[in-house]
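This report refers to the structure that appears directly beneath it.
2 protein chains.
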Amino acid sequence: MKVINLDYLASNPLLPHVQEAMIEAIRKNYGNPSSQHQIGDKAATALAKAREQVARLINAPSEKEVVFTSGGTESVNHAVKGVAFANADKGKHIVTSNIEHNAVLRSLRALKMMDYKVTSVPVDSYGRVNPDDVAKAIKDDTILVTIMHSNNEIGTIQPLAEIARVTRERKVIFHCDAVDSVGVVPFDVQKLGVDLLSFAANQFYGPSGVGGLYIRRGTRIWPLIDGGVQENNKRAGTENLIGIIGMGVAAELAVRDMDARLLYARELKERLIRGLRARIDDIFINGHPEFSLPNLVSVSIRYIEGEGVVLMLDEEGIAVSTRSACAAGALQASHVLLSIGRDFADAQGTMVLTFGITTTEEDVDRFMDVLGRVVQTLRGMSPLYAKAKQAAASSARLAAAEGGIR
Amino acid sequence: MKVINLDYLASNPLLPHVQEAMIEAIRKNYGNPSSQHQIGDKAATALAKAREQVARLINAPSEKEVVFTSGGTESVNHAVKGVAFANADKGKHIVTSNIEHNAVLRSLRALKMMDYKVTSVPVDSYGRVNPDDVAKAIKDDTILVTIMHSNNEIGTIQPLAEIARVTRERKVIFHCDAVDSVGVVPFDVQKLGVDLLSFAANQFYGPSGVGGLYIRRGTRIWPLIDGGVQENNKRAGTENLIGIIGMGVAAELAVRDMDARLLYARELKERLIRGLRARIDDIFINGHPEFSLPNLVSVSIRYIEGEGVVLMLDEEGIAVSTRSACAAGALQASHVLLSIGRDFADAQGTMVLTFGITTTEEDVDRFMDVLGRVVQTLRGMSPLYAKAKQAAASSARLAAAEGGIR
Numbered sequence: 001m002k003v004i005n006l007d008y009l010a011s012n013p014l015l016p017h018v019q020e021a022m023i024e025a026i027r028k029n030y031g032n033p034s035s036q037h038q039i040g041d042k043a044a045t046a047l048a049k050a051r052e053q054v055a056r057l058i059n060a061p062s063e064k065e066v067v068f069t070s071g072g073t074e075s076v077n078h079a080v081k082g083v084a085f086a087n088a089d090k091g092k093h094i095v096t097s098n099i100e101h102n103a104v105l106r107s108l109r110a111l112k113m114m115d116y117k118v119t120s121v122p123v124d125s126y127g128r129v130n131p132d133d134v135a136k137a138i139k140d141d142t143i144l145v146t147i148m149h150s151n152n153e154i155g156t157i158q159p160l161a162e163i164a165r166v167t168r169e170r171k172v173i174f175h176c177d178a179v180d181s182v183g184v185v186p187f188d189v190q191k192l193g194v195d196l197l198s199f200a201a202n203q204f205y206g207p208s209g210v211g212g213l214y215i216r217r218g219t220r221i222w223p224l225i226d227g228g229v230q231e232n233n234k235r236a237g238t239e240n241l242i243g244i245i246g247m248g249v250a251a252e253l254a255v256r257d258m259d260a261r262l263l264y265a266r267e268l269k270e271r272l273i274r275g276l277r278a279r280i281d282d283i284f285i286n287g288h289p290e291f292s293l294p295n296l297v298s299v300s301i302r303y304i305e306g307e308g309v310v311l312m313l314d315e316e317g318i319a320v321s322t323r324s325a326c327a328a329g330a331l332q333a334s335h336v337l338l339s340i341g342r343d344f345a346d347a348q349g350t351m352v353l354t355f356g357i358t359t360t361e362e363d364v365d366r367f368m369d370v371l372g373r374v375v376q377t378l379r380g381m382s383p384l385y386a387k388a389k390q391a392a393a394s395s396a397r398l399a400a401a402e403g404g405i406r
Numbered sequence: 407m408k409v410i411n412l413d414y415l416a417s418n419p420l421l422p423h424v425q426e427a428m429i430e431a432i433r434k435n436y437g438n439p440s441s442q443h444q445i446g447d448k449a450a451t452a453l454a455k456a457r458e459q460v461a462r463l464i465n466a467p468s469e470k471e472v473v474f475t476s477g478g479t480e481s482v483n484h485a486v487k488g489v490a491f492a493n494a495d496k497g498k499h500i501v502t503s504n505i506e507h508n509a510v511l512r513s514l515r516a517l518k519m520m521d522y523k524v525t526s527v528p529v530d531s532y533g534r535v536n537p538d539d540v541a542k543a544i545k546d547d548t549i550l551v552t553i554m555h556s557n558n559e560i561g562t563i564q565p566l567a568e569i570a571r572v573t574r575e576r577k578v579i580f581h582c583d584a585v586d587s588v589g590v591v592p593f594d595v596q597k598l599g600v601d602l603l604s605f606a607a608n609q610f611y612g613p614s615g616v617g618g619l620y621i622r623r624g625t626r627i628w629p630l631i632d633g634g635v636q637e638n639n640k641r642a643g644t645e646n647l648i649g650i651i652g653m654g655v656a657a658e659l660a661v662r663d664m665d666a667r668l669l670y671a672r673e674l675k676e677r678l679i680r681g682l683r684a685r686i687d688d689i690f691i692n693g694h695p696e697f698s699l700p701n702l703v704s705v706s707i708r709y710i711e712g713e714g715v716v717l718m719l720d721e722e723g724i725a726v727s728t729r730s731a732c733a734a735g736a737l738q739a740s741h742v743l744l745s746i747g748r749d750f751a752d753a754q755g756t757m758v759l760t761f762g763i764t765t766t767e768e769d770v771d772r773f774m775d776v777l778g779r780v781v782q783t784l785r786g787m788s789p790l791y792a793k794a795k796q797a798a799a800s801s802a803r804l805a806a807a808e809g810g811i812r
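Each protein sequence line maps, in turn, to chains A and B.
First residue of the first sequence? That's 1 in our numbering, and the numbers climb one at a time after it.
First residue of the second sequence? That's 407 in our numbering, and the numbers climb one at a time after it.
In structure tokens, the structure reads:
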């Protein structure tokens with residue numbers, strides 16, 4: 001049975017060109033880019049090429065502003081903690097939003113244990129931050145604003161340029177966690193005006209365990225990983241060259257194919273939303289209808305448990321993800337869904353569907369058919385659903401009766 | 407022209423089996439080990455297998471004590487900063503040695519800027535730490551002792567078990583940077599009694615950009631990289647699974663072939679030392695004659711500049727490394743060589759030769775022949791060398807004349 005992957009966010013499949021480039025790198029047995037001899041020279045050349053490819057993806061003014069990391073999470077930690085430590089003499093206050101990823105949340109939690117203070121601005125029911133709220137949250141001792149570009153659970157995209165205008169005016173460093181955006185939607189650090197940008201290769205068909213951090217020239221930041229002088233003295237440690245080469249090729253292809261991928265993703269997204277609404281009642285589509293990732297649909301299905309759906313779909317060879325329980329397995333509702341006003345029960349019944357260039361319309365249709373059956377089965381066992389339907393039916397009868405009286 | 411690699415320390419070549427395993431992993435297109443569905447299951451199984459392979463290499467009591475990182479430098483940063491931050495309430499004093507790698511030195515430099523205090527114990531002329539000095543350096547507020555296993559410039563191996571006995575008695579956490587030892591010489595965390603151990607795959611024919619940190623159960627430490635619950639909640643971020651699979655296979659082969667590799671390396675090392683002494687006068691072999699890495703020879707050649715030798719050898723297709731100048735290119739003498747009593751000039755004329763299973767006796771012999779010529783050429787241009795030889799000759803004549811008188 002063909003496995004249908006609607007959990008692209010967990011990890012994209014590697015593109016054939018990316019695979020080839022990585023396999024070639026393995027066979028070439030590159031040396032260490034920092035060596036002073038010819039074995040190192042070839043490695044240094046390959047590293048420089050990848051850096052240029054990645055710089056173009058985000059339109060960095062200089063490729064020297066791109067630091068390779070071990071992934072989006074390291075990039076975020078580097079940005080948040082690196083700015084916090086380097087600017088502690090100026091202040092210890094940081095502004096963030098209510099719907100950040102755990103990489104940001106837990107980095108901030110660590111900083112709070114070191115006497116940093118954090119103000120978290122709310123989002124509206126679509127998950128959007130109001131730039132005015134950011135402006136209000138900034139104080140004299142604010143050293144960093146860290147707000148994500150697109151949300152990994154509901155896909156909502158923030159008004160980044162407006163937020164950056166605020167941070168620039170107030171001379172506060174602005175970090176953006178764009179792990180779910182870079183390589184997926186067009187991204188231009190110059191236009192958007194961020195100082196620090198975190199991103200990861202496995203969101204655009206590159207390997208897992210490789211990422212990047214854009215550091216605008218002049219940004220006051222410490223390394224997260226100290227040691228040798230690699231990465232322009234900003235990130236120590238011998239590079240994961242095989243992975244970085246893969247990331248470079250993936251970046252180049254993302255630039256080349258961006259428009260076609262966007263178009264295709266939008267078609268699939270529309271098909272999914274339309275199909276889900278037609279097949280299943282009592283659902284919400286979460287996130288902003290316009291400012292949103294094209295490759296993500298978040299759907300809350302009332303009267304069911306997301307975890308149960310994931311298991312039943314898995315048995316049918318369909319991979320989806322629920323963010324209703326935290327990854328630790330605790331029965332904790334998503335902070336993102338609660339922040340946009342969903343209640344605990346709805347949050348429990350939420351699935352995040354993410355897809356990409358290998359996803360077909362048939363995959364989507366088959367998923368929706370299976371999901372329709374699964375939801376029917378689960379709701380058939382749910383006393384809550386029966387009660388709700390009874391209530392709805394009786395109020396309809398009542399309305400009809402009342403209509404008769406009037 | 408075949409390139410002779412005598413700079414194995416910069417990066418080992420990948421073993422064919424490691425290459426195959428990584429290429430297979432690329433083609434298999436593994437998912438995310440943290441996913442709840444079957445795409446993730448296969449990835450989780452592959453990850454678990456690699457963890458067991460690596461745990462066996464260091465004889466960890468449980469594979470849960472092995473955390474995968476992006477390399478030795480990250481492991482060291484995690485250990486040093488993680489312990490410092492987690493134990494700040496107990497104290498802010500750290501003990502280290504004078505000859506640590508930059509990963510330790512610069513992690514400590516960062517901590518010093520956060521009001522941590524560091525005591526650095528000296529080494530003898532072989533580069534060995536005296537465990538009594540460690541005992542004397544430990545104070546009531548000491549929270550960490552961090553001392554390397556083998557030195558990356560001179561190869562000297564520390565009396566680790568004795569140092570661990572001290573730290574255990576004093577109830578201080580002991581971290582060992584064993585990046586140049588694990589996979590090269592037998593290593594047993596249980597026998598040696600360390601609490602934290604940093605190591606890297608590219609020192610035992612695995613890929614660069616992958617490493618491990620052994621964390622003894624119960625050790626009080628914070629993550630360096632916060633976020634998701636990967637790696638037993640000790641290191642967040644989607645894993646570099648392709649690299650980790652390569653590391654696992656490399657670890658298994660290191661266990662299997664350890665004895666044969668050791669025997670062969672010792673033969674080459676002896677051949678090198680004997681041959682260098684026979685061909686070139688005025689040289690020192692640095693490091694301990696017995697407690698030392700079998701795959702490393704550090705040689706100081708008087709009256710020459712190491713940088714010049716590296717370039718001339720490179721033109722002949724021979725890759726060696728000098729640690730006489732810091733990696734930034736500054737004309738700074740190695741802190742390790744100065745610590746063992748070499749003067750600035752000798753430190754400048756030092757080469758670190760590292761080798762392994764693909765190195766042949768012919769490689770070593772050709773290197774020594776070329777080096778002999780290069781040294782002769784360089785010394786022929788050195789006024790210092792001419793002066794020293796004149797002085798030596800005249801004092802010999804004088805001695806002969808005096809001998810005649812007596």
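Positions of the beta carbon are idealized from the N, C-alpha and C atoms, including for glycine.
No experiment lies behind these values; they were computed from the predicted model shown.
Thinking C-alpha only, which one of the options is nearest residue i?
i      : options                           : result
A/A164 : A/N151, A/D132 and A/T156         : A/D132
A/I244 : A/A55, A/Y126 and A/K81           : A/A55
A/Q38  : B/G497, B/V572 and B/A416         : B/A416
A/I280 : A/T146, A/T156, A/G155 and A/G372 : A/G372
B/A657 : B/N557, B/F610 and B/P528         : B/F610
A/S119 : A/Y126, A/T96, A/A79 and A/A110   : According to the sequence displayed, residue 119 of chain A carries Thr and not Ser. Per the Cα distances, A/T96.
A/L6   : A/A260, A/T322, A/D346 and A/V194 : A/T322
A/I301 : A/V179, A/V309 and A/P13          : A/V309
B/I464 : B/V572, B/H507 and B/D601         : B/D601
A/R342 : A/N286, A/Q230 and A/G155         : A/N286
B/H581 : B/L603, B/I432, B/G561 and B/H423 : B/L603
B/G615 : B/A805, B/S481, B/T451 and B/N639 : B/S481
A/E442 : A/F355, A/L241 and A/L213         : Residue coverage of chain A in this structure runs from 1 to 406, which leaves residue 442 of chain A outside it and unanswerable.
A/R168 : A/I157, A/I143 and A/V182         : A/I143
Under 7 angstroms Cβ-Cβ, which residues of chain B neighbour residue i?
i      : result
A/P294 : Result: empty, since nearest Cβ-Cβ is about 21 angstroms, beyond 7 angstroms.
A/L371 : Simply none; closest approach about 14 angstroms.
Could you tell me which chain B residues have their CB closer than 8 angstroms to the CB of residue i, listed as they occur along the chain?
i      : result
A/A319 : G437, S441, H443, Q444, I445 and G446
A/D346 : Those within 8 angstroms of A/D346 in chain B number zero; the least Cβ separation is about 20 angstroms.
DSSP on residue i, reduced to helix/strand/coil?
i      : result
B/A734 : Here B/A734 scores only 43 on pLDDT, less than 50, and its place in the model is too uncertain to base an answer on.
B/I707 : strand
A/K191 : helix
A/M351 : strand
B/S604 : strand
A/R406 : Because the pLDDT of A/R406 is 48, which lies under 50, any placement of that residue in the model is unreliable, and the number read from its coordinates should be weighed accordingly. Of the three classes helix, strand and coil, the one that applies to A/R406 here is coil, per DSSP.
A/D412 : Since the first residue shown for chain A is 1 and the last is 406, residue 412 of chain A is missing from the structure and cannot be characterised.
A/N77  : helix
A/I94  : strand
A/D346 : helix
Can you pull the chain A neighbours of residue i, defined as C-beta to C-beta under 7 angstroms?
i      : result
B/I429 : I23 and I26
B/I631 : T73, E74 and N77
B/A452 : Per Cβ cutoff of 7 angstroms: no residues; B/A452 is ~12 angstroms from chain A at best.
B/S417 : G31, N32 and T238
B/D720 : H37 and Q38
So which residues on chain A does residue i lean against when the C-beta distance must stay under 9 angstroms?
i      : result
B/G497 : None at all; the shortest Cβ gap to chain A is about 16 angstroms.
Going along chain B in order, which residues have a C-beta closer than 9 angstroms to the C-beta of residue i?
i      : result
A/N102 : D632, G633, G634, V635 and A642
Quiz item: Which runs of the alpha helix (DSSP H), 4 residues or longer, sit entirely within the segment 34-73 of chain A?
Solution: Secondary structure remark: continuous alpha helix (DSSP H) runs of at least 4 residues inside the segment 34-73 of chain A, in chain order: 38-58.
Practice problem: Can you give me, in chain order, the residues of the segment 71-82 of chain A that have a beta carbon less than 8 angstroms from any beta carbon in chain B? | Solution: So the list reads G71, G72, T73, E74, V76 and N77, given in the order they occur along the chain.
Exercise. Could you list the residues in the segment 235-249 of chain A with a C-beta less than 7 angstroms from some C-beta on chain B, going in chain order?
Key: Result list: A236, G237, T238, E239, N240, L241, I242 and G243.
Quiz prompt | Short-range partners of chain B found in the segment 104-119 of chain A, where Cβ spacing is below 9 angstroms | solution = For the segment 104-119 of chain A, which is checked against every Cβ of chain B, the residues closer than 9 angstroms are V104, L105, R106, S107, L108, R109, A110, M113 and M114.
Quiz prompt | Start-end ranges of the beta strand (DSSP E) lying completely within the segment 525-563 of chain B, minimum 3 residues | solution = Listed in chain order, the complete beta strand (DSSP E) runs (minimum 3 residues) inside the segment 525-563 of chain B are 548-552.
Quiz item: At which residue ranges does the segment 243-323 of chain A contain complete alpha helix (DSSP H) runs of 4 or more residues, listed in the order of the chain?
Solution: Counting only runs of 4 or more, we get 306-315.
Quiz prompt | Under 9 angstroms (Cβ pairs) to chain B, residues found in the segment 205-216 of chain A | solution = Residues passing the 9 angstroms Cβ filter: P207, S208, G209, V210 and G211.
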